[in-house]
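See structure below.
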Amino acid sequence: MATTTWTRRHILSLADFTVAEYETVLQTAASFREVLSRRTKKVPALQGQVVANLFFEPSTRTRSSFELAAKRLSADILNFSTGTSSLTKGETILDTAKTYLAMGADIMVIRHQHSGVPQAIALEMDRLESGVSILNAGDGQHQHPSQALLDLFTLTSLLDTDNPRLELLSGKKIAIVGDILHSRVARSNIYSLTAAGAQVHLAGPPTLLPKLFLEILDGEQKDKLYLHWEIEPALKDAHFVMTLRLQKERMSANLLPSLREYHQRYGITRECLELCQPEVKILHPGPVNRGVELSSDLMDDPRLSLISQQVTSGVAVRMALLYLIGSSK
Amino acid sequence: MATTTWTRRHILSLADFTVAEYETVLQTAASFREVLSRRTKKVPALQGQVVANLFFEPSTRTRSSFELAAKRLSADILNFSTGTSSLTKGETILDTAKTYLAMGADIMVIRHQHSGVPQAIALEMDRLESGVSILNAGDGQHQHPSQALLDLFTLTSLLDTDNPRLELLSGKKIAIVGDILHSRVARSNIYSLTAAGAQVHLAGPPTLLPKLFLEILDGEQKDKLYLHWEIEPALKDAHFVMTLRLQKERMSANLLPSLREYHQRYGITRECLELCQPEVKILHPGPVNRGVELSSDLMDDPRLSLISQQVTSGVAVRMALLYLIGSSK
Amino acid sequence: MATTTWTRRHILSLADFTVAEYETVLQTAASFREVLSRRTKKVPALQGQVVANLFFEPSTRTRSSFELAAKRLSADILNFSTGTSSLTKGETILDTAKTYLAMGADIMVIRHQHSGVPQAIALEMDRLESGVSILNAGDGQHQHPSQALLDLFTLTSLLDTDNPRLELLSGKKIAIVGDILHSRVARSNIYSLTAAGAQVHLAGPPTLLPKLFLEILDGEQKDKLYLHWEIEPALKDAHFVMTLRLQKERMSANLLPSLREYHQRYGITRECLELCQPEVKILHPGPVNRGVELSSDLMDDPRLSLISQQVTSGVAVRMALLYLIGSSK
Chain H
8 MATTTWTRRH ILSLADFTVA EYETVLQTAA SFREVLSRRT KKVPALQGQV VANLFFEPST
68 RTRSSFELAA KRLSADILNF STGTSSLTKG ETILDTAKTY LAMGADIMVI RHQHSGVPQA
128 IALEMDRLES GVSILNAGDG QHQHPSQALL DLFTLTSLLD TDNPRLELLS GKKIAIVGDI
188 LHSRVARSNI YSLTAAGAQV HLAGPPTLLP KLFLEILDGE QKDKLYLHWE IEPALKDAHF
248 VMTLRLQKER MSANLLPSLR EYHQRYGITR ECLELCQPEV KILHPGPVNR GVELSSDLMD
308 DPRLSLISQQ VTSGVAVRMA LLYLIGSSK
Chain L
8 MATTTWTRRH ILSLADFTVA EYETVLQTAA SFREVLSRRT KKVPALQGQV VANLFFEPST
68 RTRSSFELAA KRLSADILNF STGTSSLTKG ETILDTAKTY LAMGADIMVI RHQHSGVPQA
128 IALEMDRLES GVSILNAGDG QHQHPSQALL DLFTLTSLLD TDNPRLELLS GKKIAIVGDI
188 LHSRVARSNI YSLTAAGAQV HLAGPPTLLP KLFLEILDGE QKDKLYLHWE IEPALKDAHF
248 VMTLRLQKER MSANLLPSLR EYHQRYGITR ECLELCQPEV KILHPGPVNR GVELSSDLMD
308 DPRLSLISQQ VTSGVAVRMA LLYLIGSSK
Chain V
8 MATTTWTRRH ILSLADFTVA EYETVLQTAA SFREVLSRRT KKVPALQGQV VANLFFEPST
68 RTRSSFELAA KRLSADILNF STGTSSLTKG ETILDTAKTY LAMGADIMVI RHQHSGVPQA
128 IALEMDRLES GVSILNAGDG QHQHPSQALL DLFTLTSLLD TDNPRLELLS GKKIAIVGDI
188 LHSRVARSNI YSLTAAGAQV HLAGPPTLLP KLFLEILDGE QKDKLYLHWE IEPALKDAHF
248 VMTLRLQKER MSANLLPSLR EYHQRYGITR ECLELCQPEV KILHPGPVNR GVELSSDLMD
308 DPRLSLISQQ VTSGVAVRMA LLYLIGSSK
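Chains as they are written, first to last, in the working numbering: chain H, 8 to 336; chain L, 8 to 336; chain V, 8 to 336.
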């Protein structure tokens, strides 16, 4: 299915993803999207393999997406969630992962509220020479690679359905608006979008967008990243606007004034979209706080919102990721 | 499998079910009951299709029944329950449903504590021309169509195992006893049982059975519905007695005196069954409050209780419903 | 697959297990271990059959192990857990089991915090002539047969991978250390290990190891069981040391001084292992309280710890148990 040979065992971060890897993910996801348009939406690619979903941080949406992707590859799935877990009994996270390894898991999809947990588990799995693959489904404020890859697939597919590829985004202006500081979605997207040659403009209040953020990239990528504390320069002539979910807890931490004031200054409305390119499209990783980071009517406008396409892309991209790491064994 | 062509996309309420639709459900369920008697109890009817169980109100029993029905049709299943959901993050119910639509759900089975939620989701799915089917698994005090259909299948199968059909219930007297006001089970059964030509006698305390209830039906169906504030006239010569679950919260709302007094006046006991036909049978949607709406010994008497048959019928009827709406696409 | 004919319908306790039954379980598990080493780790043995996991007491680890075992036998699985259950609605446990029976469950795997629940359900299932099999996945302080059988498989496989059998343990000294009184794992292991001819030495504080424990066995088995309130005589020349999980609640019940003092007197450390045979191995049913019943470095030492092997054995042994009772129908 993929033309390039895939050698990466774990998918933990996009910081070191190569152009060839991005292209392979896009091509593989495109071929799975074709599978999903059939009446029988299954392939036997991972039959008999075990995918363990270890969600230490609850998430119905991402877990369902990975679960469906794994089912459509005919894998067997084990779900672990913290509510009912023996973690309450004092076991460490590495012990939990090693238990699923010993049961026979081939791939572990891991979400955790603390940055670095999937990396730590991957190191331990490699130290044990287990051959198990780890897929980071979101760790703290660090990375959420499958989300950025599904965003990349959504954007490039919009520009060329049959042949999504990085160069389609070259020179496009993409605004990422909101709580950048706490967003693993933003961090992963910064790598993938600049790798595709897009100009990425971050916008948010100074408390949620420290200047240090510009240091995240090296070399020539660095010149594609811009930082704004006002929304207008970020939106000006933008081809795409990616809004981020605002965690309401930020207000009690005094990082934000009020939701209403936040919406007035950083919320995306029909009015402020007039600054953008006429064919501008909006992305959001979901779930949306309607009327906070995005006005409700924009979210429901299929000419403007790519939110549904993002969810649909999610299943195809996650099938691609599971397939690539599952087949490289 | 079914002889009639099925055209209904959603199953939301029995209020407008036609005689032909009832008969098709009964015949289809009967053929699936045959599948369930085999050692390998699966058919590939919905292979590769996705059934999303969206249970905003918890229910192990109904969810398990739908889950097993979907598995036996070889569908892929996604379970959503409120405990672990992003609803706690402020997403609307329609947003949740649209997320599962975008993931690729073909059928959504929906339970919600508020009346009208499945209807609202069905309207939105149709507006989006999604082709998705909605199956109401119980909404507030409104409807629970699969429960009434499994009751209908249980009753007609008892009277003719090989050929369950509506006319078998023509002229039969069926008492429905208990908290009618708050019961979606009663509301759905009123439609199906009178459509079959049965005489339906409602009995309960005045606070839980307002007179307005007689207005639920139109035309000639109306003459088949009777209302009693005492249990005796309802039980007199009844062929079947359907008891309803009493929600204990009703007492704190001052709608009921005490459980003991309720049991004395409206609980079904061996003694009060003497008023009924000698071959009378008892139904209950479960779970039973033993000793409240039904005395414990009656529940366990296989000559009197149809409760186990109802549960078994549930899987066959839900297979039929999923099959009919899944195949009509 | 198994050479002996299996006739036992339920697996509730090891108290009356025969030598032939132990040997059949070991042989069957060995053949499934071979299946698990293939890339496609599935067999169609229980296709179309329904395994209901009724976990009235939460347990991610044991439930996942049974779930994976059932999936690898191609069974359909229904999960029930108390968090979301209708037990909160007042239904009895037998009513819940009968509901799953009526839905079509073929095997029920039951865990409950009270001793005797699986037995009570098995009796009711037999009274109803249902043909359903009950597998006890841990009941109160009574029995946990699948844990003891996986321990037996782990130990005998270590001594002869290709042909694990009881006689390999004949004359071996096995220390079981910790809270024996409250341990269903210890109770089940006492039966299986003495049946294999091992010398079983129990060690723990007097409050957690009453003298009456010696009465658990009859006949010649009795002479293979020893009781110590100090750890040293139990460890002296031991071939295997099985530590038990310490429930921290025991301290508030005044059965223990402090965790620190407990660890000093009954915790297994590298130092106290010097009393044992040079090739001694450690077992623990998991999850481990690191630094309480077992020092952290021992747990992670693959030359000493059999904990991972126990988890791996668990899937093969549970496949064997489900297969044996599922095929005997």
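Glycine included, each C-beta is placed from N, C-alpha and C at the ideal position.
Note that this is a predicted model, so its numbers are computed, not measured.
**Message:** With a threshold of 8 Å between beta-carbons, can K105 of chain L be considered close to chain H, or not?
**Reply:** As a working note, residue 105 of chain L is residue 98 in the second sequence. Interface residue, yes.
**Asked** T91 of chain H: buried (16+ other C-beta within 10 angstroms of its C-beta) or exposed?
**Response** Against the first sequence, residue 91 of chain H aligns to sequence position 84. Bear in mind that the predicted position of T91 of chain H carries a pLDDT of just 48, short of 50, making it too unreliable to give a figure here.
**CB-CB length for R32 of chain H against L156 of chain H, believed under 8 Å** = Position 25 of the first sequence, counted from the first residue, corresponds to residue 32 of chain H. Position 149 of the first sequence, counted from the first residue, corresponds to residue 156 of chain H. The question names Arg, yet the displayed sequence has Val at residue 32 of chain H. About 6 Å separates the CB atoms of V32 of chain H and L156 of chain H; that is less than 8 Å, so the two are in contact.
**Prompt:** To the nearest angstrom, how far is it from the Cα of A323 of chain V to the Cα of L43 of chain V?
**Reply:** As a first step, residue 323 of chain V must be located in the third sequence, where it is residue number 316. As a first step, residue 43 of chain V must be located in the third sequence, where it is residue number 36. Those two C-alpha atoms are separated by around 8 Å.
**Asked** Can you list, in chain order, the residues of its chain whose CB lies under 6 Å from that of A52 of chain L, leaving out five sequence neighbours each side?
**Response** Within the second sequence, residue 52 of chain L is the residue found at index 45, counting from 1. Correct list, in chain order: L80, Y330.
**chain C within 8 Å of F87 of chain L, Cβ atoms only** = Absence of chain C from the displayed structure is noted, the protein chains being H, L and V.
**Prompt:** Is the distance from the Cβ of Q154 of chain H to the Cβ of I181 of chain H below 8 Å?
**Reply:** Start at 1 with the first residue of the first sequence, and residue 154 of chain H comes out as number 147. Start at 1 with the first residue of the first sequence, and residue 181 of chain H comes out as number 174. No, these two residues do not count as a Cβ contact at 8 Å.
**Message:** Quick check: the Cα distance between G226 of chain H and S199 of chain H, rounded to an integer number of angstroms?
**Reply:** Locating residue 226 of chain H in the first sequence gives position 219, counting from the first residue. Locating residue 199 of chain H in the first sequence gives position 192, counting from the first residue. Those two C-alpha atoms are separated by around 15 Å.
**Prompt:** What are the complete beta strand (DSSP E) segments, minimum 3 residues, inside the region 279-303 of chain H?
**Reply:** 288-290
**Request:** Output, in sequence order along the chain, the residues in the region 38-70 of chain V whose CB is closer than 7 Å to any CB in chain L.
**Result:** Q54, G55, V57
**Prompt:** Can you find a CB in chain V that lies within less than 8 Å of the CB of T25 of chain H?
**Reply:** By 1-based counting over the first sequence, the position of residue 25 of chain H is 18. No, no contact with chain V.
**the region 52-72 of chain L / the region 183-191 of chain L touching (three or more Cβ pairs under 8 Å)** = No, because fewer than three Cβ pairs between the region 52-72 of chain L and the region 183-191 of chain L fall closer than 8 Å, the two stretches do not touch.
**Prompt:** Whole-angstrom Cβ separation of R277 of chain V and D304 of chain V, contact assumed at under 8 Å?
**Reply:** Translated into the one-based positions of the third sequence, residue 277 of chain V becomes position 270. Translated into the one-based positions of the third sequence, residue 304 of chain V becomes position 297. Sure, about 7 Å apart at Cβ, within 8 Å.
**Message:** Here's the rule: buried if 16 or more other CB atoms are within 10 angstroms of the residue's CB, otherwise exposed. What is E268 of chain H?
**Reply:** Start at 1 with the first residue of the first sequence, and residue 268 of chain H comes out as number 261. So E268 of chain H ends up on the exposed side.
**Request:** Anything in chain V within Cβ reach of E74 of chain L, meaning under 7 Å, just list it in chain order.
**Result:** Indexing the second sequence from 1 puts residue 74 of chain L at position 67. Result: L85.
**Message:** For a cutoff of 8 Å on Cβ pairs, would you count V318 of chain H as touching chain L?
**Reply:** In the first sequence, residue 318 of chain H corresponds to position 311, counting from 1. Using a CB distance cut-off of 8 Å, V318 of chain H counts as an interface residue toward chain L.
**Prompt:** Which bits of chain V does M359 of chain H rub up against, with CB to CB less than 9 Å?
**Reply:** Shown here, chain H extends from 8 to 336; a query on residue 359 of chain H therefore has no answer.
**C279 of chain L to I223 of chain L span [Cα, whole Å]** = Along the second sequence, read from residue 1 onward, the residue named residue 279 of chain L stands at position 272. Along the second sequence, read from residue 1 onward, the residue named residue 223 of chain L stands at position 216. Distance between the alpha carbons of C279 of chain L and I223 of chain L: 28 Å.
**Prompt:** Looking only at its own chain, which residues have a Cβ that is under 7 Å from the Cβ of L242 of chain V, when we skip the five neighbours before and after it?
**Reply:** One-based indexing of the third sequence puts residue 242 of chain V at position 235. Around L242 of chain V: A182, V248, C279, L282, C283.
**Request:** Taking only the alpha-carbon atoms, compute the straight-line gap between Y273 of chain V and W236 of chain V and give it to the nearest angstrom.
**Result:** Working through the third sequence from its first residue, we reach residue 273 of chain V at position 266. Working through the third sequence from its first residue, we reach residue 236 of chain V at position 229. For Y273 of chain V and W236 of chain V, the distance between alpha carbons rounds to 9 Å.
**Asked** Alpha carbon to alpha carbon, what distance is there between K229 of chain V and T25 of chain V?
**Response** Residue mapping note: residue 25 of chain V aligns to position 18 of the third sequence, counting from 1. Residue mapping note: residue 229 of chain V aligns to position 222 of the third sequence, counting from 1. Roughly 16 Å between the two C-alpha positions.
**Limits of the alpha helix (DSSP H) - the one that L322 of chain L falls within** = Counting from one through the second sequence, the residue named residue 322 of chain L turns up at place 315. Correcting the residue type first, residue 322 of chain L is Val in the shown sequence and not Leu. Unbroken alpha helix (DSSP H) run through V322 of chain L: 314-334.
**Message:** According to DSSP, simplified to helix, strand and coil, what is F160 of chain V?
**Reply:** Locating residue 160 of chain V in the third sequence gives position 153, where the first residue counts as 1. F160 of chain V falls in the helix class under three-state DSSP.
**Item:** Residue interval of the alpha helix (DSSP H) (run including V26 of chain V)
**Value:** In the third sequence, residue 26 of chain V corresponds to position 19, counting from 1. Residues 26-43.
**Request:** Note down the Cα distance separating A109 of chain L from Q254 of chain V, rounded to an integer number of angstroms.
**Result:** Within the second sequence, numbered from 1, the residue matching residue 109 of chain L stands at position 102. Within the third sequence, numbered from 1, the residue matching residue 254 of chain V stands at position 247. Roughly 46 Å between the two C-alpha positions.
**Item:** Contact list for M110 of chain H against chain V, beta-carbon separation under 8 Å
**Value:** The count along the first sequence starts at 1 and reaches residue 110 of chain H at position 103. Going along chain V in sequence order, the residues near M110 of chain H (Cβ under 8 Å) are S71, S72, L75, V318, T319, G321, V322.
**Message:** I'd like the list of long-range same chain contacts for P125 of chain V, defined as Cβ closer than 6 Å, with 5 residues on each side in sequence excluded.
**Reply:** Residue numbering aside, residue 125 of chain V sits at position 118 when the third sequence is read from its first letter. Shown here for P125 of chain V: same chain residues with a beta carbon closer than 6 Å to its own, the five before and five after excluded, namely L19, I117, I141, N143, D146 in chain order.
**Prompt:** What residues in the region 283-298 of chain L have a beta carbon less than 8 Å from any beta carbon of chain V?
**Reply:** Against chain V - using a Cβ distance shorter than 8 Å - the residues of the region 283-298 of chain L are G293, P294, V295, N296, R297.
**Message:** Taking only three categories from DSSP, how would you classify T69 of chain L?
**Reply:** Numbered from 1 along the second sequence, position 62 holds the residue referred to as residue 69 of chain L. In the structure shown, T69 of chain L sits in a helix (DSSP, three-state: H, G or I).
**Message:** Against S315 of chain V, what residues of chain H qualify as contacts under a CB-to-CB distance less than 8 Å, listed in chain order?
**Reply:** In the third sequence, the residue the question calls residue 315 of chain V occupies position 308. Here the neighbours are K105, L108, A109.
**Prompt:** Which residues share a DSSP beta bridge with F62 of chain H?
**Reply:** Counting from one through the first sequence, the residue named residue 62 of chain H turns up at place 55. DSSP lists H:S88, H:R118 as partners of F62 of chain H.
**Message:** Spatial neighbours of K105 of chain V within its chain, please: C-beta separation below 8 Å, excluding the five flanking residues on both sides.
**Reply:** On the third sequence, position 98 is the one that residue 105 of chain V refers to. The answer, listed in chain order, is E131, L135.
**Asked** The beta strand (DSSP E) with T250 of chain H in it runs from where to where?
**Response** Your numbering for residue 250 of chain H matches position 243 in the first sequence. Per DSSP, T250 of chain H belongs to the beta strand (DSSP E) from 247-250.
**Item:** Same chain only: Cβ atoms within 6 Å of A36 of chain H, ignoring 5 sequence neighbours per side
**Value:** Your numbering for residue 36 of chain H matches position 29 in the first sequence. Closer than 6 Å at the Cβ level, and outside the excluded window around A36 of chain H, lie F160, A323, V324, A327.
**Request:** From the DSSP output, read off the bridge partner residues of V57 of chain L.
**Result:** Indexing the second sequence from 1 puts residue 57 of chain L at position 50. The secondary-structure analysis by DSSP pairs V57 of chain L across a beta bridge with L:D83.
**Item:** Classification of T12 of chain L by the beta-carbon crowding that lies within 10 angstroms, buried from 16 upward
**Value:** Here residue 12 of chain L refers to the residue found at position 5 when the second sequence is read from its first residue. With fewer than 16 Cβ atoms within 10 Å of its Cβ, T12 of chain L is classed as exposed.
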